[in-house]
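Read left to right, the sequence shown gives residues 1 to 230 (the UniProt record's numbering).
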Amino acid sequence: MIILDGKDIGIKFDDRWLYQKVNFRIEQGHNLALIGDNGVGKTTMIRAMLGQVPLTTGEFIWHDDSNRKIAYVPQYRPDMQAFPLRVSDFVGLTFDQGLRPWLSKAEKQRLTAILAITNLTDIADKRIDNASGGERQRAYLAQALVQNPDILILDEATANLDNVAKYALMDVVKNYQHQYQLTVIMVSHDIDIMQKYADEYLLLTTHGSEYETIGHLDVAKLKEGGQMLV
Ligand SMILES: Nc1ncnc2c1ncn2[C@@H]1O[C@H](COP(=O)(O)OP(=O)(O)OP(=O)(O)O)[C@@H](O)[C@H]1O
Numbered sequence: 001m002i003i004l005d006g007k008d009i010g011i012k013f014d015d016r017w018l019y020q021k022v023n024f025r026i027e028q029g030h031n032l033a034l035i036g037d038n039g040v041g042k043t044t045m046i047r048a049m050l051g052q053v054p055l056t057t058g059e060f061i062w063h064d065d066s067n068r069k070i071a072y073v074p075q076y077r078p079d080m081q082a083f084p085l086r087v088s089d090f091v092g093l094t095f096d097q098g099l100r101p102w103l104s105k106a107e108k109q110r111l112t113a114i115l116a117i118t119n120l121t122d123i124a125d126k127r128i129d130n131a132s133g134g135e136r137q138r139a140y141l142a143q144a145l146v147q148n149p150d151i152l153i154l155d156e157a158t159a160n161l162d163n164v165a166k167y168a169l170m171d172v173v174k175n176y177q178h179q180y181q182l183t184v185i186m187v188s189h190d191i192d193i194m195q196k197y198a199d200e201y202l203l204l205t206t207h208g209s210e211y212e213t214i215g216h217l218d219v220a221k222l223k224e225g226g227q228m229l230v
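Here it is as C-alpha cells:
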C-alpha cells in the first residue's frame, strides 16, 4: 500500500531552490533511503513531509490514517548522552504519561518487549552513560519503537558507529519492520547500509532527483560525485 505520494515537490529558501520537480512515493513496510550531498536538503525534505516546512511547489498526498505516529532516531554523537539514567528508564522516557509518575502495566509490558527486540534486556539496569556507542544508539532506537510508530525516521542513525554496531542496529530495524509493517525513511551516506536495507532510494540534487528501487542505484556515479562515505 502506498502511504505517501510526493508530487512535483520543490523547495526554495529566499532566492535559492534546493530542488524542484521531485517525485517519489513511500510504500508501507518499505525502507526508503534519502540520499544526496551535504546541504542538498534531505533534512528539509523530511521536515516538509512532517508539515514543518512549507513546499514552494507541488504537494504531499498521504493515503494512510491521519493519526499516523512518526518516531525519529538522530545521528549518534559520543558527547550527546551523558544522562545518569538506567537504559530502561531512558527508553521509557518517551511514554506520554501525563502527570502520572509511574508506568502503567501496559507500558511496562511494552517496555519489556522493546528492550528484548532491541537486544537491551541484559543491560536494562546499566547506566546509559556507561553503555557503548552501539548500545546507546539501540536505546535511542528503542525509545522510538516503544511509541509503536507507523513511520520511523533514521537520520544518519548509523553514522559514527563501528561496523558491528551499525549492522546490529539495522538488523533490529529490519526485523521489526518486517514483523510490524513499519515504514522506514533512512537518511544515509553509507552505500553498504542502503544496499543491504533499503527498498527504494530518493537521490536529491540541485539539478534533478532520482527515485528508483535500490537495485538501480548507480554506486560508481555516486562515489564519483563524492556523495557517499563508503
Ligand atoms: N528555514 C530555512 N531557511 C533558510 N535556509 C534553510 C532553512 N532550513 C534549511 N536551510 C538551508 O537549506 C539547505 C539544506 O539543509 P538541510 O539541513 O536540509 O540539508 P541536508 O541535506 O540534510 O544536509 P546534511 O547532509 O549536511 O545534514 C542548507 O543550505 C540550509 O542552510
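Every residue gets a Cβ at the ideal spot worked out from N, C-alpha and C, and that includes glycine.
For residue j and residue i, believed in contact at Cβ under 8 Å, the rounded distance
i	j	result
A124	V87	5 Å
residue 279	E107	Look at the range of the chain in this structure, 1 to 230, and you will see that residue 279 is not part of it.
Burial state of residue i (16 or more Cβ within 10 Å)
i	result
M104	One point to set straight first is that residue 104 is Ser, not Met, in the sequence displayed. Exposed is the call here.
E59	exposed
M1	exposed
R47	exposed
E212	exposed
Q137	buried
F24	buried
K221	exposed
H178	exposed
Sub-8 Å separation of residue i and residue j beta-carbons
i	j	result
V91	Q28	no
A139	L32	no
L18	I11	yes
D129	P78	no
K7	I61	yes
Straight-line gap, residue i to residue j (C-alpha atoms, nearest Å)
i	j	result
M186	M194	8 Å
T43	Q20	15 Å
L111	G41	35 Å
L161	G133	7 Å
L141	V73	6 Å
D37	P101	44 Å
I3	Y201	16 Å
P54	Y180	31 Å
F13	T183	29 Å
N163	V173	16 Å
D96	H189	33 Å
T205	M170	26 Å
Closer than 7 Å: residue i CB and nearest ligand 1 heavy atom
i	result
L18	yes
G6	no
K174	no
V40	yes
G215	no
F13	yes
G51	no
T44	yes
G36	yes
Cβ of residue i within 8 Å of any chain C Cβ
i	result
Y72	Absent from the structure: chain C. Only one protein chain is present.
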